[in-house]
Amino acid sequence: MLQSKAFMKKTRRGQVVKVVREHYLRDDISCGAIFCQSCEKESACLSSSAPNILIVDTNVTLHHIDLLENNAIDDVVILSVVLEEVKNRNLSVYNRIRALCSNPMRRFFVFANEHHKDTFVKTMPGESPNDRNDRAIRSASLWYQKHLGQGPPILLLTNDIENKRKALQEGICTETVQSYVESLGRPELFDLVAQVCDSSLAEMDIEDSRPSKKKLIYPEHRPMSEITSGLQQRIFHQGKLRVNRYNPIEAYVNSESIDEEIIIYGRINMNRAFEGDVVAVELLPEDQWKEGNTLKLIEDEEDEVEEKVGLAPDSVDAAPTSLQAKPGDFGSKIGSRTCGRVVGIIKRNWHSYCGSLEPMPMPAGVGGAVNALFVASDRRIPKIRIQTRQLGNLLDKRILVAVDSWDISLRYPLGHYVKTIGDIGDRATESEVLMIENDINNRPFSEQVLACLPPLPWSVSQDDLKCNYREDIRHIRVFSVDPPGMYQIREANQMIEEFMLAANISVAEKILKHYPLCALLRRHPIPTPKMLEPLIRTAAAVGVKLDITSSKSLADSLDNALGNNDPYFNKLIRILATRCMTQAVYFSSGELTPPEYYHYGLAAALYTHFTSPIRRYADVIVHRLLAAALGLFKLPAVFHDKVQLNSLADNLNFRHRNAQMASRASVELHTLIYFRNRPTDAEARIVKIRSNGFIVFVPKFGIEGPVYLTPKAKDNNGEESCKNSADWIVDEEQQRISTRDGKRVYMVLDVVHVHIEVIEPQPNRSKLVLTLLK
Amino acid sequence: MTEHEHAASVGEDVELEAFRRLYPLEFLEKFLKDGVRPDGRPLGRARSTLISVGSLPHAEGSAMVKLGNTTMLAGVKLEVMTPSVDFPDEGRIVVDFQMPAICSPHVRPGRQSELEPVVSEQIRNALSSSMMVDLRELNIAPGKAAWMAYLDVYCLDSDGSLLDAALLATAAALADLKLPEVAVTDDGKVLPASSDVQEHRSLKNIQSKRLKLGKIPMALTCAVHPKYILPDPTAEEEAILKTTITVLTDFSGQLFSLYKPGGEVLASTSTVQDCFALAKYRGKELQKIFNNAVIDAEADDAMVED
Amino acid sequence: MALEFISPEGLRLDGRRPAEIRQLRANLGVIDKADGSATFEMGNTKVIAAVYGPHEVQNRSQQLLDQALVKCEYSMANFSTGDRRRKQKGDRRSVEISLVIRQSMEAAIMTHLLPRTQIDIFVHVLQADGGTRSACINAASLALADAGIPMRDIVASCASGYLNNTPLLDLNYLEDSGGGPDVTIALLPKLDKITLLQMDAKLPLEMFEKVFELGNKGCVAIANYMRNVLLENTKDLAFARGVVKV
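Just so you know, the protein sequences line up as chains A, B and C, in that order.
All residue numbers for the first sequence refer to the UniProt record's numbering, where the first residue is 1 and numbers rise by one.
All residue numbers for the second sequence refer to the UniProt record's numbering, where the first residue is 1 and numbers rise by one.
All residue numbers for the third sequence refer to the UniProt record's numbering, where the first residue is 1 and numbers rise by one.
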């Protein structure tokens, strides 16, 4: 039987065209039951001894994949309509469900309902794609019910009320995931069930539990139609929400429709948006932009901003404090920046997060479900409320938690426990945490990927030797030298580096010449005077004048900054200079104008990565471009697709940044472990003066953190007490802090001695602390 | 039929065929005298007419028309265009009539038949004088985007009255045309309706629709013999009589234009009036066939969607 | 992510299994004025072919004394593809396909029986959805048979390819654009002779054998279908002429 599918598609030329595809319906598709009398059984796996044969709908698959992955769930039919929807909505869940279906240890069967003549359904006039797919799921369930009459009962799992109602009407057995899991009588599975807002939970966070007085913490999100028209009229602005890594109650949205970055202060204005969500933002009235202290009014103690001791930053991107204005910092004028609030979430970026439960006393009684608060290691993520029946097991563990929903009446989002990674503080556990946190995939390569490689053992074949674009250079002595980090100005003085740079630059020139619109290059933006301001101010305070007109002049003036009898002075200034700059990034040449291609750090007009294709994906891309430029291979199609090429460059930058973050986090982890039983005194340099102390850099260990001159305390109002700090006078211009009597004076770049130790203010929450040695 | 009878009938066939070739006019007149045409129809009738729409799923609108053996296949492909400054809210319809080599032994490959541009032009005139389609119907975003409808009519079998069949196919394809649901950005970029709101700011969806049609034009070609008027002539009749008059009206009989491209017989006023009367009759007949075909198509709409 | 042309369940995007042909449809005698004609559909690919002749050679200088002159012209309707075609008649691809069709047909027509005559084969693509070359050859073959031109055998054609490590029969447009190799075969099934073999993209030899074998099987299946169509048509004709009594 033949059906046809018609839809519209955009062509490469930018035209919208009608596409028609054939859709064949078959009568030879197996049901997958081992006990079936009529179907082919080669891939059958559904067993006759199963209590139920489960059919799951799309949302159940998407939201309860953690549950499905548990061994307790088996004999599941995955419909092709569900797979297709899951694939479109979340590729990672799709890969997980595919892995389940191909796992011989599990009994998950894919039923191609969309190509089965008895289960295919046509869209009815006016029917939405969602309704049509729900109907397809019911049609398949009904078919199974009839087809496997004498086998285990078929059970459709859906949490969609309307779908459930219709299913019951049509005579299909159906249950929600919650009630099904309850019926299994296995409490450990409960933790895995995704949480939707229910009233019993809501009461936990609200003061007045009378239903009529239900307190709404967050404003409602606007309906999608209003958002769409608001975006069109430019009342709303669309962009990705980026939460400040060092101050999670502050976020930024960059939108095409407005030049400035929009700042979102506070959780109410962030209105339940997560890091990475695509949101619609409304600007606040301009008079509210100036309310620098709104922060304190909206937020409560739990979101306090605290600086930690960590690895010294190596660029602006990694620096917590140098650029972003912060309340309580000098010279921060919130009023001068555009503020807004989130009115709707266009696309969620929810996934699983690593972290641990907030310490809490064990409740009386055993076995009951307990509400606990989960704190993600990534500070940008709000606390997540989960339900667990294994609190005792989880309190000292790093766990993975997935978010499910966030109701306007709940301060925190709801989520569910996914899995335990290991004990808090354990080296292996914490290492895995930071891999997960930075989205670094350390799973083995998939079969598909490995299939791209020739079978092992591999040796050079006759064909390889005959190949006209390869040359046998085995008779030449070849060695390789790993290139050192390329981010520091004027570090490339050695010959190998020079060769490498020359190779990279000449390849960049070649590919740009052949492909002016799609060459993958690397640029290092020229730091703006504003970015270099803290450096100049610091240098001026110690009597050094820096010329920032070009990278050359800056390098020269850095060479001349020698300090008086201070061998470390020059190095310190250089370190401070580096961290004023942003990192170099990959980009496609068609996206920018030639002056923007400039690599500031290397003082090169053009640059790319070419020399290390076995370590960096960017080099592989550049190799392909070069091969095409030399006429050896055809240019792959991706280079003609602007959108795809840009997302490739974005992804390279994203992965690169994540890898650096992970590597920094790993060093920090090992630093913490090192100092755990080893309190140490060391020499440190002041790099920044603060109102209540200063930031020091410890060259020996490469760490940096605050040293408080006045004890941090809170008065009755929860406001940080500033009484003591009044005893200290801060001179911003001179970058110095001194006591009123002038007996103690600290200046930027001064040498101080600090004590480094690990304290544990709360169980399982150890941290590094620096104190000044008198 | 016995073997003998069969052989005899084959023999008659051959004789008839020879007469037809050697004395075509006499052959024709012999029929006309008896009040029938060589293909067996009454004098004043058109051939059986078949319209089926939507036969080309790839095209946004399509129709196949059979007028006796004459076969036309029309398809509409849409493209997005920037409207002209003078008519910022209007799209365009570009009609092209083509006779590929398959359609007739007289069309030589690689050489354009002179009929192609003539019929194309006649269809264009008929569309504009009938105002069948208000070009504003093709508007997407005023001044920024509109639909350009390329309407290609292919003659697959050429057996007379080509304009009649081609115009009917044109009208039916336009009636079948469905403008797809699309989304437009404020700067007038047109995208598939399923496009992600997330990737593009400020998308406005424009519903799928059929065109509102005004008066539908039709043509009736009549071959003129000093004594008879033959509506909807076959290629053979056209070749024998050499004189034709083509009347363009709408289904209700309102006259748009007349063609009489030369020929031996000079048409009197009464001849023209007779042709006009035949066209009026034909209009009623066609209207029914046309409406049935298009209504069928609309009923199918729901089923084709996916 | 690369398109998954075959699901792990072994179904192609349109629901076929790897070795299945699309739905076939053919009609004979569709053009009254032609000496022979046929439409041939392979799924959404639809072509129409007409044969005029044998007739006198139009250009005397081309006349062949010992055999018939076979001419072929291939064209495409503007609305036959998703994106409207803009190419003019006689572009390189059309010329190439015209040649391919003519050469495939010449191998089957007993041209020596019709000296000093001309046979015109015209093929027009109404809808293109992959495999147009094969559909054209099949349509032309049926049109020649319909015209009663003496032939050694019918010519049946089918394409096969290789995607996601699987040989696939009768690629549609989407699969054809998948970047894999594409082998078009035309076969004289009774004689078991290949008259046409075209392949683009590289393919290791052992893979080629599998793909080729699959394409060959496709041709045999299509030839059987064509034979049935011709048989049914002959029965109908015989009935209409009164040769066969009911």
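Cβ atoms here follow ideal geometry from the backbone N, Cα and C, with glycine treated the same way.
These numbers come from a predicted model, not from an experiment.
Residue i, buried or exposed, once every other Cβ within 10 Å from all chains shown has been counted against 16
{"i": "Ala428 of chain A", "result": "exposed"}
{"i": "His106 of chain B", "result": "exposed"}
{"i": "Lys284 of chain B", "result": "exposed"}
{"i": "Asn244 of chain A", "result": "buried"}
{"i": "Val460 of chain A", "result": "exposed"}
{"i": "Gly331 of chain A", "result": "Low per-residue confidence applies at Gly331 of chain A: pLDDT is 37, beneath 50, and the placement is therefore not dependable enough to give any value."}
{"i": "Val638 of chain A", "result": "exposed"}
{"i": "Cys467 of chain A", "result": "exposed"}
{"i": "Thr528 of chain A", "result": "exposed"}
{"i": "Tyr586 of chain A", "result": "buried"}
{"i": "Gly40 of chain B", "result": "exposed"}
{"i": "Glu732 of chain A", "result": "exposed"}
{"i": "Asn113 of chain A", "result": "buried"}
{"i": "Pro595 of chain A", "result": "exposed"}
{"i": "Phe290 of chain B", "result": "buried"}
{"i": "Ala659 of chain A", "result": "exposed"}
{"i": "Gly310 of chain A", "result": "buried"}
{"i": "Lys77 of chain B", "result": "buried"}
Sheet register partners of residue i (DSSP bridge)
{"i": "Leu258 of chain B", "result": "B:Val247"}
{"i": "Arg155 of chain B", "result": "According to the sequence shown, residue 155 of chain B is Cys rather than Arg. Bridge partners of Cys155 of chain B: B:Met72."}
{"i": "Trp728 of chain A", "result": "A:Thr739"}
{"i": "Glu106 of chain C", "result": "Paired residues: none, contrary to the question."}
{"i": "residue 247 of chain C", "result": "Since the first and last residues shown for chain C are 1 and 246, residue 247 of chain C lies out of range."}
{"i": "Phe109 of chain A", "result": "A:Val77"}
{"i": "Met76 of chain C", "result": "C:Val125"}
{"i": "Asn205 of chain B", "result": "B:Ala183"}
{"i": "Ala280 of chain A", "result": "A:Gln238, A:Gly344"}
{"i": "Ser52 of chain B", "result": "B:Met64"}
Cα-Cα separation, residue i to residue j
{"i": "Thr185 of chain B", "j": "Ser128 of chain B", "result": "31 Å"}
{"i": "Lys743 of chain A", "j": "Ser691 of chain A", "result": "18 Å"}
{"i": "Cys39 of chain A", "j": "Arg26 of chain A", "result": "13 Å"}
{"i": "Ser322 of chain A", "j": "Lys530 of chain A", "result": "Only weak support exists for where Ser322 of chain A lies, its pLDDT of 33 falling under 50; the value from the coordinates is given anyway. Approximately 11 Å between the Cα atoms of the pair."}
{"i": "Asp198 of chain A", "j": "Leu189 of chain A", "result": "Annotation note: pLDDT 47 at Asp198 of chain A (below 50); position unreliable, coordinate value reported separately. Spanning the two alpha carbons is a distance of roughly 19 Å."}
{"i": "Gln735 of chain A", "j": "Ile689 of chain A", "result": "6 Å"}
{"i": "Glu29 of chain B", "j": "Val36 of chain B", "result": "10 Å"}
Assigned secondary structure, residue i (DSSP; H/G/I helix, E/B strand, else coil)
{"i": "Asn139 of chain B", "result": "strand"}
{"i": "Met270 of chain A", "result": "helix"}
{"i": "Val16 of chain A", "result": "strand"}
{"i": "Ala145 of chain B", "result": "strand"}
{"i": "His524 of chain A", "result": "strand"}
{"i": "Val667 of chain A", "result": "helix"}
{"i": "Glu15 of chain B", "result": "helix"}
{"i": "Val542 of chain A", "result": "coil"}
{"i": "Pro42 of chain B", "result": "strand"}
{"i": "Glu185 of chain A", "result": "Here the sequence assigns Gly to residue 185 of chain A, which means Glu is not the residue at that position. DSSP places Gly185 of chain A in coil when its eight states are reduced to three."}
{"i": "Cys101 of chain A", "result": "helix"}
{"i": "Tyr412 of chain A", "result": "coil"}
### Query
Taking a cut of 8 Å between CB atoms, which residues from the segment 4-15 of chain C lie near chain A?
Ser7, Pro8, Glu9, Leu11, Leu13, Asp14, Gly15
### Task
Name, going along the chain, the residues of the segment 58-82 of chain B whose beta-carbon falls closer than 8 Å to a beta-carbon of chain C.
His58, Ala59, Ser62, Asn69, Thr71, Leu73, Gly75, Val76, Lys77, Glu79
### Residues, ordered as in the chain, of the segment 13-28 of chain A that lie near chain B by beta-carbon distance below 7 Å
Going along the segment 13-28 of chain A in chain order, one finds Gln15, Val16, Lys18, Val20 with a Cβ nearer than 7 Å to chain B.
### Message
Please list, in chain order, the residues of the segment 104-138 of chain A that have any C-beta partner in chain C closer than 7 Å.
### Response
The segment 104-138 of chain A vs chain C, Cβ under 7 Å: Val110, Ala112, His115.
### Query
When you check each C-beta in the segment 230-256 of chain A against every C-beta of chain B, which residues fall closer than 7 Å?
Contacts with chain B (Cβ-Cβ distance below 7 Å) from the segment 230-256 of chain A involve Leu231, Gln232, Gln238, Glu256, listed in chain order.
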